[in-house]
Amino acid sequence: MAASAAAISQSGSLRGSPLSRLPDRALRIVLTALAVAILTLIAFFFIRLYVEARPAFARFGVFGFTFNNDWDVSRNVFGALPLVVGTLITAAVALIIGVPVAIAAALFVTELCPRRARGPLTIMLDLLAAVPSVVYGLWGVFVLIPKLKPAEQWVTDKLHFIPFIGGASVAGPNYFIGGLILAIMILPIVSAITREVMATVPADHKEAALALGATRWEMIRTAILPYSRAGITGAAMLGLGRAIGETIAVTLVIGNAPRIGSHLFDQGYTLAAVIANEFGEAANNPIHRAALIAAGLVLFVLTLLVNAAARVFINRRTALA
Amino acid sequence: MNAVLRPVSKARKRRDLAMRASLGLATALALVPLVLVLGYVAKRGLGAWSWHFFSTDPTGSFLGDPGGIKSAILGTILMVALATAISVPVGVGVALYLTEYGKNSWFAKAVRYFVDVMTGVPSIVFGLFVFIVLILSGGVGGYAGWKGSVALSLLMLPVVTRSAEVVLLLVPHTLRESALALGSPRWRMIAKVVLPTALPGLVTGSLLAVARAAGETAPLLFTAAIVNGTSLNLGQRMNSLPVQIFTDVGQAQDRLVARAWGAALTLVVLVLLLTLVARYMSRRSRLT
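The structure is reproduced here in structure tokens:
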């Protein structure tokens, strides 16, 4: 002790020699370089996608490529509107079905279920996210499509007066099946984030509502839902981002017809699915390849915007998303 | 005051009960697909399982014995292992930068934001990117297992980084300060105090990323995939479980579909095991 104290007083400072600080510097530089590399990577990512997609944008125009309703590989004409529309329809179906169920499940798990059931229920909801996309696709093709077809036909017959939904003849693979599978796939993430948001509602608010004589449901409606509304919106938008970008399951159940379907139970196509299906054969046709990369870029920008918007609503960082 | 304390009316009680019941029903509804998917995969998959199924490669013969999924299992394991070897050190490194050096500087905030952005990028776009950079540009040959690993590692990177940052932030500041106060340099403090304390949590995050990568098809389609491949060399095109399932479903032949269900069960068992081990690890962690 005395010796080291003497050493300190001799060197005049608690800091080690410049040599002993070398590893410290090195570590700091390496870690900073990694962080810089991530940013560079993303910029590089965007630029390379854009450069490779440019032939398609040059031929059809950015606007023309995105909004022309004509995707025909045999004529080398690429207007992505059918894909954009398919992506939006399936994502909308996914949100309409998935989000209410996800919120209800989050409410039930955090507020209503017995404490002992909370853990197992949470794990089971999270396991929905662990099932690989291709397995959902496999199940969709061989179970969901054949089993649901009569039910879909029944619904569309009964609702024949509603445009886009009623009076259709149901195709096996269709927008609705794609949306339903997406709903199942976004459910765990929307539910998990909603749960986290609801956990931040101050106990005071809930207790105050209950103390004023509110029933459980009234407490949820007056204390929990208003407080977590922004977070729930953000969770739904993250789900939307997932639904837009999901590829393999949708590719298997959407029908892969590059046209705008006439109704909800018609075959269609999505941006992600067209890339998965056609890219293998497009490698030797530069304009087709450029068109598919352009589709990827549109997808990238779309998910980027949706996710950026979601971040505005969820300002807390979560480990889950 | 009286109005508030009056007993809850019948109508309100009924409404409360109805809403509670429908929330419970919706939760049950949410779990129906899980039970159905796992049930079907187990039922149809077990029918396809046999020693032959695991010990042979896909033959690709048009008729007769389609072969098993040996190369798919090994391909998945090899490619995911390489992807993990790339993404875990980088991801944990970036997280360390954020918690130990960057903290709340504008640069650290930018990195955090873009890591978030990366989590939202669709997996197929990562596949496109790797195709463009490593295959289209030439110089490094065609499809190869290691390129698939690169695509998977891009996908895993944000997952690892975010979960690692959360865990590293849970390491108490007093521990860091004690190490520094004892005269330890920063790198020793990180290596001997921060990382060991956070280890179970880091393992959990990494395992969850591994589970996600193992189930991904899209990034492998145009980077590594090959129909009926048998190679176990990361320098060549490689088969994998998800791609095997995807191509078998596309063939729509009964014997190939049977193989797809068998492969799906294998994949689901693998992924669920990883997920459960990850959860077990996180429960053992002392940081909460």
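Residue numbers (this note's numbering), protein chains in the order written: chain A, 601 to 921; chain B, -8 to 279. No residue lacks a Cβ here, since even glycine has one placed at the ideal position from N, Cα and C. Note that the structure is a prediction, hence the values are computed from the model and not measured.
- Interface residue (Cβ-Cβ distance to chain B less than 8 Å): residue 695 of chain A is not classified as such.
- For the pair residue 174 of chain B and residue 626 of chain A, the Cα-to-Cα distance works out to about 18 Å.
- The C-beta of residue 671 of chain A comes no closer than 8 Å to any C-beta of chain B.
- In the three-state DSSP reduction, residue 677 of chain A falls in the strand class (E or B).
- The C-beta separation of residue 137 of chain B from residue 66 of chain B comes to about 12 Å, leaving the pair out of contact by the 8 Å criterion.
- Counted as a single uninterrupted DSSP element, the alpha helix (DSSP H) harbouring residue 242 of chain B occupies residues 232 to 242.
- Taking all protein chains shown into account, residue 879 of chain A has 16 or more neighbouring C-beta atoms within 10 Å of its C-beta and is therefore buried.
- Annotated as distal: residue 732 of chain A and residue 89 of chain B, with beta-carbon spacing of 8 Å or more.
- Assignment of residue 670 of chain A by DSSP, reduced to helix, strand and coil, places it in the coil class.
- Looking at the backbone, the Cα of residue 16 of chain B and that of residue 708 of chain A are separated by about 9 Å.
- Taking the beta carbon of residue 724 of chain A as reference, the chain B residues within 8 Å of it are 22, 25, listed in sequence order.
- Per DSSP, the continuous alpha helix (DSSP H) segment holding residue 31 of chain B begins and ends at 1 to 39.
- Closer than 8 Å to the CB of residue 841 of chain A there is at least one CB belonging to chain B.
- The continuous alpha helix (DSSP H) containing residue 877 of chain A extends over residues 871 to 882.
- Between residue 209 of chain B and residue 876 of chain A, the alpha-carbon positions lie close to 7 Å from each other.
- For residue 80 of chain B, the number of other beta carbons within 10 angstroms of its own is below 16, and it is reported as exposed.
- Taking each of B/70, B/202, B/246 in turn and checking the Cα distance to residue 260 of chain B, the smallest one comes out for B/202.
- Here residue 58 of chain B carries a strand assignment [DSSP, helix/strand/coil].
- Residue 754 of chain A is classed as exposed because its beta carbon has fewer than 16 other beta carbons within 10 Å across all chains shown.
- Look at residue 652 of chain A: its C-beta is under 8 Å from a C-beta on chain B.
- Within a 10 Å sphere around the beta-carbon of residue 788 of chain A sit 16 or more other beta-carbons, which makes this residue buried.
- Interface annotation, residue 800 of chain A: not in contact with chain B, CB-CB separation never under 8 Å.
- Inter-residue distance for residue 898 of chain A and residue 666 of chain A is about 8 Å (C-alpha atoms, whole angstroms).
- Excluding the 5 residues flanking it on each side, residue 746 of chain A has same chain C-beta neighbours closer than 8 Å at 772, in chain order.
- Between residue 72 of chain B and residue 183 of chain B, the alpha-carbon positions lie close to 26 Å from each other.
- Ranked by Cα distance from residue 192 of chain B, the options B/5, B/181, B/160 are led by B/160.
- Annotation: the stretch 190 to 215 of chain B contains the following complete segments of the alpha helix (DSSP H) (minimum length 4 residues), in chain order: 209 to 212.
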